[in-house]
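Participant: In my numbering, the protein residues as written are 13 to 130.
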DNA sequence: ACTTTGACTATAA
DNA sequence: GTTATAGCCAAAG
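1) Using three-state DSSP, classify residue 83 as helix, strand or coil.
2) Is residue 121 helix, strand or coil by DSSP?
3) Do the segment 92-101 and the segment 118-126 make contact, defined as three or more Cβ pairs closer than 8 Å?
4) Between the Cα of residue 57 and the Cα atoms of 42, 69, 68, which residue gives the shortest distance?
5) Might you give, ordered along the chain, the residues of its own chain that have their beta carbon closer than 8 Å to the beta carbon of residue 28, omitting 5 neighbours on each side?
6) Are the CB atoms of residue 109 and residue 75 within a distance shorter than 8 Å?
7) Starting from residue 47, follow the alpha helix (DSSP H) in both directions and report where the run begins and ends.
8) State the start and end residues of the unbroken alpha helix (DSSP H) segment that holds residue 92.
9) Using the C-alpha atoms, what's the distance from residue 68 back to residue 93?
10) Measure the Cβ-Cβ separation of residue 132 and residue 89 and say whether it is below 8 Å.
11) The alpha helix (DSSP H) with residue 54 in it runs from where to where?
Rendered as structure tokens:
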């Protein structure tokens with residue numbers, strides 16, 4: 013009987029990121045840093061973005077369009093099929109996006125740590 | 001095992 | 001508003 017390097021409770025960092033992003037409510041957004049802090053990584057905000065880069069390999073699909081940077085700019089729009097795909101996805105959820113920036117960011121911001129019970 | 005990377009953030013100028 | 005720099009850290013090559 014061999015011990016797996018990964019315990020059932022210990023999911024890889026990426027998987028934790030995907031789990032949080034999938035919990036983002038419809039029409040709400042969050043930031044990379046908020047997700048990182050929620051996972052206890054704190055300063056690993058870049059890793060969150062990197063996880064999203066691989067999110068397309070994960071199932072179910074991760075709503076990466078709901079994740080923006082700390083000022084509400086659609087920094088990851090280049091990783092979508094089209095440059096407007098991310099903006100359109102957000103607008104489809106009732107989020108106003110002007111000049112690649114989310115309007116009412118402070119009101120739409122969803123803090124994982126505020127809703128997620130670890 | 002080492003180097004590079006990256007969808008971030010904070011600060012400074 | 002911009003650009004530059006540093007810190008950060010796990011995954012990929």
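The beta carbon of each residue, even a glycine, is placed where N, CA and C say it ideally should be.
Facilitator: A quick look at the data gives this:
1) If DSSP states are grouped into helix, strand and coil, residue 83 belongs with coil.
2) Of the three classes helix, strand and coil, the one that applies to residue 121 here is strand, per DSSP.
3) no
4) 42
5) For residue 28, where only same-chain residues beyond five positions count, the Cβ hits under 8 Å are 51.
6) Not in contact: residue 75 and residue 109 (Cβ atoms no closer than 8 Å).
7) 44-50
8) Element bounds for residue 92: n/a, residue is neither H nor E.
9) Going by the C-alpha atoms only, they are around 11 Å apart.
10) Outside the shown range of the chain, which is 13 to 130, sits residue 132, and nothing can be said about it.
11) Neither: residue 54 is in no alpha helix (DSSP H) and is coded neither H nor E.
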